[in-house]
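Residue numbers (UniProt numbering): 1 to 346.
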């Protein structure tokens, strides 16, 4: 795809400097060629403006004078996403319901939906308009999928679930598997049937190989606009608010409640029955022990206020070897003083 810079600027509602030219793609400052649009988001790459071969650079006005051609933005990262969407090629090459897909006669599939070979749509399922279900995906009985959704290959959406509009499930995501519920008995661990459901709001994206368990009795909920990374585990009856960011390898225990706009960085551990307030941010590899106040910033395991944690790790930890050496020397001096004074350790 090639587009004139003037047309791209008009499409995005932005202004540009320099001569109009053809733009054929997007790349980094280091690797962009004369037909590419590049970008400057992080000032630490400012020096690359001097050597880049990019035909045009998306940047804020303060840096525009440093390049012959600039696409001007007040929010470079957001506009980079908009530019990338212009050049992105959607996955897939089919339209309609393929003859090798299984669609139950009692399923309700919109005329504009696309279902690839070897996908399964169960009895009573509803598939909204412009939704695409790729090969190997499973949609269980009675599940309702909204408009404009994408279920990439080998996704599983078990029976009785609800997905809103514009939901994206990356390959291998599993929604509605049984929650981890067992009763301990003299005869072993007795499985507790998980008879609840999962409800996913509009504009949610769920990463590859992420598992969201169905509720034991009620509903596991994922709020509108939340983005969940790969390899995340969300337990039964969890409620996640709107516009949260849940990063890879995070685990959220059953019945926990996550507020709106919460960020849980990679490998965060959240136990059962914890409440995390709106706008809280938890750093990578943190272990939550109890409820978290709205707006809190935590780090460490167990998690403590982030400023205190980074001060301890950044300032104190590097000094531990020298502190250990000093303590050992003090122990030797103390032992020598005791010996000179004839004092026994007993």
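Glycine is no exception: its CB is placed at the ideal position from the N, C-alpha and C atoms.
Quiz item: Ends of the beta strand (DSSP E) at residue 79?
Solution: It is not in any beta strand (DSSP E) - residue 79 instead sits in the alpha helix (DSSP H) that spans 76-87.
Quiz item: For residue 326, does the three-state DSSP call read helix, strand or coil?
Solution: helix
Quiz item: In this structure, does DSSP put residue 235 in helix, strand or coil?
Solution: coil
Quiz item: What are the boundary residues of the beta strand (DSSP E) that includes residue 101?
Solution: It is not in any beta strand (DSSP E) - residue 101 carries neither H nor E in the DSSP assignment.
Quiz item: Would you call residue 188 buried or exposed, if buried means 16 or more other Cβ atoms sit within 10 Å of its Cβ?
Solution: exposed
Exercise. Give the DSSP bridge partners of residue 120, in chain order.
Key: 102 and 138
Self-check item: Paired residues, beta bridge with residue 281 - DSSP
Solution: 263 and 297
Quiz item: So, is residue 1 buried or exposed, given that buried needs 16 or more other C-beta atoms within 10 angstroms?
Solution: exposed
Quiz item: How is residue 314 classed by DSSP in three states: helix, strand or coil?
Solution: helix
Exercise. Following the continuous beta strand (DSSP E) through residue 11, name the residue where it begins and the one where it ends.
Key: Segment 5-12 is the alpha helix (DSSP H) holding residue 11; no beta strand (DSSP E) there.
Quiz prompt | contact_flag[the region 232-239, the region 206-214] where n(CB pairs < 8 angstroms) is 3 or more | solution = yes
Quiz prompt | Beta-bridge pairing of residue 347 - partner residues as DSSP gives them | solution = In the structure displayed, the chain extends from 1 to 346; residue 347 sits before or after that span and is not available.
Quiz item: Which first and last residues belong to the beta strand (DSSP E) in which residue 216 is found?
Solution: Per DSSP, residue 216 belongs to no beta strand (DSSP E) and is neither H nor E.
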